[in-house]
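First the structure, in the form of structure tokens, and then the observations on it.
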Amino acid sequence: MAKVVYYSGDVQGVGFRATTVWIARLHPDVHGWVRNLADGRVELLAHGVADAIEAFLADVRKQMAEHIATEDVMERDLGEPLNGFRIVS
Numbered sequence: 001m002a003k004v005v006y007y008s009g010d011v012q013g014v015g016f017r018a019t020t021v022w023i024a025r026l027h028p029d030v031h032g033w034v035r036n037l038a039d040g041r042v043e044l045l046a047h048g049v050a051d052a053i054e055a056f057l058a059d060v061r062k063q064m065a066e067h068i069a070t071e072d073v074m075e076r077d078l079g080e081p082l083n084g085f086r087i088v089s
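Just so we're aligned: the sequence shown equals residues 1 to 89 in full-length UniProt numbering.
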């Protein structure tokens with residue numbers, strides 16, 4: 001299972017991506033990436049078991065709540081499994 005999340009609000013220039021990578025290290029069963037978008041949002045892709053993804057996303061929400069105005073979540077099929085969690089451009 002994979003989820004793509006689009007965060008809007010004050011999510012760029014506040015350490016959102018680095019914090020997300022740090023949180024991912026606490027959830028070793030979640031793999032994926034996070035990146036800034038040109039429109040000011042942050043896009044995150046998380047792959048793994050549903051419960052692990054939900055726990056990871058809940059921790060991101062909790063840690064970055066003051067910066068998140070909206071969060072749009074979509075399920076996504078992946079062709080190949082991911083390994084690790086990183087910042088991409």
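Where a beta carbon is used, it is the ideal one built from N, C-alpha and C, also for glycine.
| query | result |
| --- | --- |
| Leu45, DSSP secondary structure in three states | strand |
| Sub-9 Å separation of Glu75 and Val4 beta-carbons | yes |
| Enclosing beta strand (DSSP E) for Met64 [first to last residue] | Looking at the DSSP string, Met64 is not in any beta strand (DSSP E); the run it does join, the alpha helix (DSSP H), is 50 to 64. |
| Enclosing alpha helix (DSSP H) for Val21 [first to last residue] | 16 to 25 |
| Extent of the continuous beta strand (DSSP E) to which Gly40 belongs | No beta strand (DSSP E) contains Gly40, which DSSP labels as neither H nor E. |
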